[in-house]
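A.B. asks: In terms of the UniProt record's numbering, the sequence shown opens at residue 1 and continues consecutively.
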Amino acid sequence: MLKTLTVTHTISIGGSVFYIHGANSQLAMTQRALGWGLSRTPVRDPCKVWAFSSWLLDNAAKLAMGAGVQLGMLTGEIDSALLILKGGIQGTDGDPHVVLRGPFLSDYGLVTHIPELPITPPAVYYVRTVVIYEPA
Numbered sequence: 001m002l003k004t005l006t007v008t009h010t011i012s013i014g015g016s017v018f019y020i021h022g023a024n025s026q027l028a029m030t031q032r033a034l035g036w037g038l039s040r041t042p043v044r045d046p047c048k049v050w051a052f053s054s055w056l057l058d059n060a061a062k063l064a065m066g067a068g069v070q071l072g073m074l075t076g077e078i079d080s081a082l083l084i085l086k087g088g089i090q091g092t093d094g095d096p097h098v099v100l101r102g103p104f105l106s107d108y109g110l111v112t113h114i115p116e117l118p119i120t121p122p123a124v125y126y127v128r129t130v131v132i133y134e135p136a
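1. Could you please give me the residues that DSSP links to Gln70 through a beta bridge?
2. Could you check if Gly66 is buried or exposed, using at least 16 other CB atoms within 10 Å of its CB as the buried criterion?
3. Give the DSSP bridge partners of His97, in chain order.
4. From Ser16 to Asp58, what distance separates their C-alpha atoms?
5. Among Leu85, Pro46, Val124 and Val98, which one has its Cα closest to the Cα of Ala136?
6. Report the three-state DSSP secondary structure of Ser106 (helix, strand or coil).
7. State the CB to CB distance for the pair Val130 and Leu5, rounded to an integer number of angstroms; the pair is presumed to be in contact (CB under 8 Å).
8. Would you mind stating whether Arg101 and Trp50 have Cβ atoms separated by less than 9 Å?
9. May I ask you to report which of helix, strand or coil DSSP gives Lys62?
10. Taking the C-alpha atoms as reference points, what is the distance between Thr112 and Val69?
11. The beta strand (DSSP E) that contains Pro135, what's its start and end?
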């Protein structure tokens, strides 16, 4: 049976942001040590992912045009190696956000990476993520 995860994270301007959507507790400790954020409502691993999308919104809930978004998956190595599956710039080619379509298996967790946040107002941005998945 398909399930849907929808989560929105509040982030400050500047720098790079990672959000992990997964429940592997051993990797979670490493991720915290690296400064990566953990999703409040994680996808349960392992799972079959049918669609995975994230996008950056400004404080008026509008798409932050031109922002880079990368979607990836943890590989399970001890150092929490990250495999980038797809990346793109919001608003290009008529596609407002980056979407990764499955099905594919995720054993250790999905990752949303915003390589560089804008350093101009607004001072707060939001990363919204939607995952459609099936528990394995």
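Ideal Cβ positions, reconstructed from N, Cα and C, are used throughout, including at glycine.
C.D. replies: Taking the geometry as given:
1. Gly87 and His113
2. exposed
3. According to DSSP, which records beta bridges pairwise, His97 is partnered with nothing at all.
4. 16 Å
5. Pro46
6. strand
7. 7 Å
8. yes
9. coil
10. 7 Å
11. Val124 to Pro135
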